[in-house]
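Before any comments, here is the structure.
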Amino acid sequence: PWGPSSGSCRRARSGTSLVEKMLGEHRDIGALGECRVVERFMPMDLSDEDSVQQSSARLLALYGELDDTHRHVTDKQLGNHGHLAAIRALLPESRVIWCRRDVRDVCVSCFFSVLFGFPPSAMVPSKLFCLAPCSKSGN
């Protein structure tokens, strides 16, 4: 049966694009990018089993509309990490890949992204969460 078999959860600049590209090379996996599907069902009462089953069917149908040619899909929406309990309830057979990257590498990535003309949103102080840990470690 068709269904999402993997998603990736992440913080900004954690390496999910590379992981998704590698998974997307498989003939049975469609890489959907950040498709914002799961958040359409939030907030959700996970104690209501009928509602969870109905939402699960609707969620699978939405993924099917986005990609009906692959057996599995990825969804690397940034906010998915806040909905892991709901994802487990809605898609019990799916697998989550948690991407984590060394904060020092994230700092370098943000710096070079801005330096070479990528979106300036990378320099918003709230997104440079890595500066505090880097400065505490003396790096």
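Just add 120 to the spot in the sequence shown (first one is 1) and you have the working numbering.
Glycine residues also receive a C-beta, built at the ideal position from the N, C-alpha and C atoms.
- Inter-stretch contact (C-beta, 8 Å, three-pair minimum) for the segment 156–172 and the segment 203–222: yes
Subject >> Identity of the residue in V158, L152, K141, R221 nearest D188 by Cα >> reply: L152
In angstroms with no decimal places, state the Cα-to-Cα distance between G184 and F231. 38 Å
Delimiting residues of the alpha helix (DSSP H) encompassing G144 = 136–144
Next item on the list: Give the single residue among L179, T136, M142, D148 whose Cα lies nearest to the Cα of R191.
Entry: D148
How far does the beta strand (DSSP E) with R215 in it extend, from its first residue to its last?
215–218
_Delimiting residues of the beta strand (DSSP E) encompassing G150_ = 149–151
* Asked: Does the Cβ of Q174 have 16 or more other Cβ atoms within 10 Å, making it buried, or fewer, making it exposed?
  -> exposed
Mapping the DSSP letters down to three states, classify H192 as helix, strand or coil. strand
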